[in-house]
Structure formats: C-alpha cells, structure tokens
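Trainee: Chains as they are written, first to last, in the working numbering: chain A, 1 to 289; chain B, 290 to 578. For each residue, glycine too, the CB sits at the ideal point set by N, CA and C. All values derive from a computational prediction rather than experimental measurement.
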C-alpha cells in the first residue's frame with residue numbers, strides 16, 4: 001500500500017521501518033530533514049519536504065509527533081497532510097495527545113472525505129523497535145478495518161476501543177494506572193530498604209503475589225539501585241498526565257493520586273530527572289534524609 | 290513432628306489441616322472451642338483448652354491470630370505457649386503484626402531457650418486452602434532451617450528475609466505496594482468508564498503492558514462491576530497499613546500515598562465496606578456524582 005509517515009522520532013523511526021519491511025511503499029516527512037534522509041538511506045522509499053507533499057496520493061498517512069499543536073500542524077496546518085489527501089484516504093495518528101485534538105482533526109478531515117483514527121501506542125521504544133506495540137484505536141469501524149492490517153506491521157495487539165478519541169482515552173487510563181502503581185511500588189521498596197531488607201530478595205518474594213506488576217518485575221531492581229537512565233521519560237509522563245487530568249475535569253473522574261503523583265514528577269524534573277524513566281519516583285524517596 | 294497450632298481462623302484452620310495432612314501430629318487451640326472441636330473432628334489430632342497446654346512437649350508451635358495483643362496473649366500471656374515449651378522448641382508466628390511485637394516475643398522466648406520466627410503470609414484464604422502461601426520469615430537461620438520444611442506443607446515459597454521482625458517488614462512492604470497500586474488501578478478504570486470506554490475491553494488492552502498487575506488481572510473486571518464481596522477485607526488492610534505507617538515513623542521511609550489511601554479505606558469503612566475486598570477503593574470513585 002502507498003503510505004506516508006510523518007514524524008521520525010524514537011517511536012516513529014522504527015515504526016516507519018516496519019511498514020517498509022512489511023512491503024509498503026513509504027514516503028516520510030520529518031521536521032529535521034537529516035533524519036528523514038537517514039531513514040530513506042536505510043529503508044528506501046521517498047522523502048518529502050512537507051506533510052502535504054508526503055501525503056499526496058497516499059491511502060494512509062501515519063503521524064507520530066509530540067503533542068496537540070504538532071498534530072494540528074502536520075495534519076491541518078498550512079502545509080498539513082490534509083492538503084495533499086484524496087477522498088477515501090485515512091490519517092492514523094499515533095501521537096499520545098488529547099481526545100479533543102482527535103475530535104478536531106476528525107472533523108477537519110471529514111469535511112474533505114478523509115477518515116481519521118486516533119491510535120496512541122504503548123510498549124515504548126523497545127516495543128516500536130521489535131514491532132510489539134499495543135495500539136489503542138478510536139474512530140469509525142470502516143477506517144479501522146482498512147488500517148488495522150497495516151498497523152499489524154508494528155503492533156502485537158491493535159484494538160478498536162470506540163469512536164474518535166477513544167484511543168486517546170484508553171491511553172490516558174493506562175497512564176493513570178501507572179502513576180499510582182509506580183508510586184506505590186516506590187514507597188514499598190524504599191520502605192523495605194530503609195527497614196534493612198534486601199531489595200532484590202523482597203522483589204523475589206512479593207512479585208509473584210497480589211503486589212505483583214509489570215513495573216515491579218521490570219523496574220523494581222533498578223529502582224533499588226537508584227538507576228533511571230532508560231525507559232519512558234518523566235517529561236513525557238507529565239505531558240500525558242496533564243492531558244488526562246484536563247480530560248477528567250470534563251468527565252467527572254476523580255484523580256487524587258494521579259494528580260499528586262504528577263506533582264511528584266514535577267519535583268523529579270526540578271531534580272534534573274526530566275529524561276529519567278518514570279520509575280524515578282523512587283529517587284525522591286531515596287534522597288530524603 | 291509434634292506441633293501445635295494456635296488460632297483456627299480463615300487462614301489458620303486450613304493451614305493446620307495441611308500440617309495434619311502432611312503427617313504431623315497436631316494439637317490445636319482456638320479461643321472459640323467449637324471451632325477447635327470441628328477441626329479435630331475433621332483432621333484428628335488433639336485439642337487443648339489453653340495455648341500452654343497445646344504447646345506442651347511440642348517441637349514447633351504455630352500461631353495465626355489477629356493482632357499484636359493477641360500474639361502477646363497466646364505466646365506470653367498467663368496461659369501462653371511459652372509456659373508449656375521446652376528448651377530448643379520454636380514458635381512460628383504467622384500473624385501479620387508489628388516488627389516490635391516480633392522482637393518482644395523473640396526476647397521473651399529466648400530467655401527460656403525457645404526460638405521464634407515471625408512468618409506472615411500472603412496469598413489469602415485461597416492460598417491457605419490450596420497450600421500455596423508465600424511465607425516471609427524473620428529470625429535465626431537455625432530455627433528457619435528446622436521449621437521451613439514443615440511450613441512447606443502450606444507454602445509455595447518460604448523465604449528467610451533476615452533477622453527477627455524481617456518477615457513482618459517484608460509483609461508491610463507488600464501492603465504498601467498494593468495500596469498505591471489498587472488506588473491507581475481504581476482511578477484508571479473509573480476514568481475509562483466515565484470516559485465511555487468499555488471496562489473489560491480496556492483491561493484486555495492495557496493489562497499486558499506497563500500498567501499490568503495481578504490486581505488488574507484478578508480484580509479489574511469486578512471493580513468495573515462494583516463488586517467486592519470476596520477477597521482481602523478493608524478492615525484487615527487498615528490494620529496492616531496502620532502497622533506499616535507506624536514502622537515508617539521510625540525508619541524514615543516516606544509514605545505519602547499509602548497514608549492517603551489508608552484514609553480512603555477509612556471512607557470505605559464508613560460506607561459499610563469494612564468486609565469488602567481492598568479493590569473497593571473503586572466504590573468511592575464510582576459513587577461520586
């Protein structure tokens with residue numbers, strides 16, 4: 001299939017690579033052109049100077065950029081993808097962004113007969129590189145049925161959650177769960193270490209029971225060693241929690257712990273940990289006298 | 290081996306049964322004698338009127354009672370086990386209690402040449418019935434090596450965490466992890482439902498990734514249906530968190546979320562949910578207008 005990929009960051013770069021490896025004809029666009037050049041050098045395909053140019057004549061245009069304003073710019077801005085797209089084409093946005101921007105983009109594209117799916121992912125850089133992402137999709141069933149087989153190139157599970165915006169809402173629920181979970185884990189492991197227990201042995205014992213989690217299994221031991229130079233960055237988590245907390249103002253969901261943990265992440269940022277993994281909530285507790 | 294078991298509650302009753310099934314000669318004591326009669330009717334063995342009488346001539350005396358005062362009473366009270374025990378015997382306390390009471394009992398027993406292990410368990414009623422408990426043990430290596438093979442009758446993992454009190458400290462770390470984890474899970478799933486997502490589908494999608502946990506897998510779907518009439522009771526969780534928060538006053542561990550969640554559990558109690566499963570933190574969020 002003829003597709004475009006807009007945004008070759010740590011996620012988009014390998015995702016676009018999986019599309020090329022899957023036999024699709026990929027044209028890429030990236031704000032920093034050098035990265036797009038490197039990509040075409042590795043994977044072939046074409047490179048465009050603007051999103052509109054990349055999108056021209058493409059059946060599906062994928063985007064994976066930073067935030068709401070970037071989505072608006074590459075999809076509907078002056079040189080946005082919609083200016084190059086034909087009726088019946090689809091935009092799939094893999095950015096973690098607000099449900100509002102998803103609805104706004106869906107409306108702008110629908111006016112030209114172009115479909116839209118919001119499709120944030122989880123699984124991190126490793127998942128993008130291994131083609132093992134979880135993709136949470138919102139939008140029309142027809143568009144989903146056409147785009148899902150293409151997303152299978154990098155997705156281990158691609159699920160339609162509901163109408164437009166539902167993919168973003170599911171991703172927000174995911175991040176809210178993680179916020180409380182990681183803080184609880186940090187408090188428990190820090191308590192164990194301050195009480196004189198061996199951190200690794202504690203994890204061995206409690207990780208198989210009712211306190212067990214992916215985070216304990218995959219981050220607990222590094223937390224005990226105060227190591228965070230990897231994984232999903234605090235800066236990104238704060239963006240995601242900002243979006244979730246804003247959405248909750250509208251739907252009435254109470255987020256007392258997610259909002260508190262967002263403030264703890266603000267403290268981690270002030271301590272220089274904006275690029276650290278989200279498990280660095282542990283560092284606040286460890287550095288306390 | 291000749292052993293005694295003090296306290297035939299929802300945990301102790303099946304645990305003592307596994308000891309009998311494992312070929313040990315078990316004498317039981319329970320405050321309510323009728324339960325002890327029922328137990329001997331099912332499992333054979335002997336029944337005693339006091340802990341001291343049950344403990345007489347036994348190599349290991351197991352206890353599983355409610356709280357610190359009950360431990361003190363059955364071990365060192367007027368009719369406590371220590372009055373019946375010979376030098377070289379061991380008390381194994383499976384109660385979830387404070388590290389202080391463990392140290393106090395260890396001291397009182399050491400004066401008579403009797404060993405002591407604090408050995409709280411996790412795995413709940415189902416784990417006790419299936420003989421699949423996790424046992425976290427504190428105490429001397431010698432006593433552990435002698436008692437561990439007997440505990441294997443109901444333990445799938447029996448681990449020495451360190452000196453006396455370490456079993457209790459490990460259990461506290463476990464409960465602290467769960468407090469933040471369950472509140473985060475409740476906030477995430479309540480958010481998803483208020484945002485119009487299907488709870489079960491949300492769990493299917495996010496449970497395999499970085500938000501995944503035992504609690505999400507085993508409690509998420511019932512939380513979405515507002516069902517809590519099973520599992521580990523809020524009243525017991527509050528007892529455990531009280532002990533953990535008190536211990537943290539001494540060791541310097543900060544517990545901002547565990548302390549907050551303890552207050553949320555207080556609200557669940559006020560709503561009539563003292564016997565509900567700990568996942569009932571969800572109910573507070575669901576009932577908000």
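Going along the chain, which residues of the stretch 241-263 of chain A sit with their C-beta nearer than 8 Å to a C-beta in chain B?
Mentor: 244, 247, 248, 251, 252, 253, 254, 255, 256, 257, 258, 260, 261
Trainee: Under 8 Å Cβ to Cβ from residue 292/B, same chain only, skipping five residues before and after it: list those, please.
Mentor: These residues qualify, in order along the chain: 308, 313, 314, 315, 316, 347, 348, 349, 350, 351, 439.
Trainee: With a cut-off of 8 Å, does the C-beta of residue 448/B fall near any C-beta of chain A?
Mentor: yes
Trainee: Residue 322/A bridges to which residues according to DSSP?
Mentor: Residue 322/A cannot be examined here, being either before or after the span of chain A that is shown, 1 to 289.
Trainee: Can you look up residue 336/B in the DSSP assignment and give me helix, strand or coil?
Mentor: strand
Trainee: Applying a beta-carbon distance threshold of less than 7 Å, which residues of chain A neighbour residue 504/B?
Mentor: 210
Trainee: For residue 2/A, which residues does DSSP report across the bridge?
Mentor: Answer is 25/A, bridged to residue 2/A.
Trainee: For residue 225/A, go through chain B and note every residue whose CB falls closer than 7 Å to its CB, in chain order.
Mentor: Near residue 225/A there are no residues of chain B at all, since even the closest Cβ is about 17 Å away, more than 7 Å.
Trainee: Since I believe residue 476/B is in contact with residue 574/B (beta carbons under 8 Å), could you give me their beta-carbon distance rounded to a whole number of angstroms?
Mentor: 7 Å
Trainee: With H, G and I counted as helix, E and B as strand and the rest as coil, what does DSSP make of residue 260/A?
Mentor: helix
Trainee: Along the beta strand (DSSP E) that carries residue 448/B, what are the first and last residues, could you check?
Mentor: 444-451
Trainee: Note down, in chain order, all residues in the stretch 399-428 of chain B with a beta-carbon under 7 Å from any beta-carbon belonging to chain A.
Mentor: 411, 412, 423, 425
Trainee: Using beta carbons (cut-off 8 Å, strictly below), is residue 101/A in contact with chain B?
Mentor: No, no contact with chain B.
Trainee: With DSSP collapsed to three states, give me the class of residue 494/B.
Mentor: It is helical.
Trainee: For the alpha helix (DSSP H) containing residue 364/B, list its first residue and its last residue.
Mentor: 357-365
Trainee: Mind checking which residues open and close the beta strand (DSSP E) that includes residue 230/A?
Mentor: No beta strand (DSSP E) contains residue 230/A, which DSSP labels as neither H nor E.
Trainee: Work out the CA separation of residue 474/B and residue 297/B for me, nearest whole Å.
Mentor: 33 Å
Trainee: Which bits of chain A does residue 349/B rub up against, with CB to CB less than 9 Å?
Mentor: Chain A residues near residue 349/B: none, gap ~22 Å exceeds 9 Å.
Trainee: Verify the CB distance criterion: does residue 393/B have a CB-CB separation below 8 Å to chain A?
Mentor: The C-beta of residue 393/B comes no closer than 8 Å to any C-beta of chain A.
Trainee: Answer with yes or no whether the minimum CB distance from residue 64/A to chain B is below 8 Å.
Mentor: no
Trainee: Considering only the beta carbon of each residue, do residue 224/A and residue 183/A sit closer than 8 Å?
Mentor: no
Trainee: To the nearest angstrom, how far is the alpha carbon of residue 153/A from that of residue 209/A?
Mentor: 35 Å
Trainee: Under 8 Å, Cβ to Cβ, is there at least one residue of chain B near residue 202/A?
Mentor: yes
Trainee: For residue 196/A, would you say it is in contact with chain B, using Cβ-to-Cβ distances shorter than 8 Å as the test?
Mentor: Chain B contact via Cβ: present.
Trainee: If you reduce the DSSP assignment to three classes, tell me which class residue 65/A lands in.
Mentor: coil
Trainee: Can you list, in chain order, the residues of its chain with a C-beta nearer than 6 Å to that of residue 124/A? Leave out the 5 residues immediately preceding and following it.
Mentor: Result list for residue 124/A: 232, in chain order.
Trainee: Looking at chain A, which residues of the stretch 470-485 of chain B have a Cβ within less than 9 Å of any of its Cβ atoms?
Mentor: 470, 471, 472, 473, 474, 475, 476, 477, 478, 479, 480, 481, 482, 483, 484, 485
Trainee: In the DSSP output, what is residue 349/B paired with across the bridge?
Mentor: Answer is 292/B, 379/B.
Trainee: Between the stretch 25-46 of chain A and chain B, which residues of the former have a C-beta closer than 8 Å to a C-beta of the latter?
Mentor: Within the stretch 25-46 of chain A, not one residue has a Cβ closer than 8 Å to any Cβ of chain B.
Trainee: Who are the Cβ neighbours of residue 463/B in its own chain at under 7 Å, not counting the five residues just before and after it?
Mentor: 411
Trainee: Does the Cβ-Cβ distance between residue 65/A and residue 95/A come in under 8 Å?
Mentor: yes
Trainee: For residue 111/A, is the classification buried or exposed, using 16 other Cβ atoms within 10 angstroms of its Cβ as the cut-off for buried?
Mentor: exposed
Trainee: Please determine if the stretch 299-306 of chain B and the stretch 240-248 of chain A are in contact, where contact requires at least 3 C-beta pairs separated by less than 8 Å.
Mentor: no
Trainee: Quick check on this structure: which residue in 265/A, 219/A, 147/A has the alpha carbon closest to the alpha carbon of residue 88/A?
Mentor: 147/A
Trainee: Are the Cβ atoms of residue 425/B and residue 466/B separated by less than 8 Å?
Mentor: no
Trainee: Using a beta-carbon distance cut-off of less than 7 Å, what residues from the stretch 434-464 of chain B approach chain A?
Mentor: 446, 448, 450, 451, 455, 458, 459, 461, 462, 463
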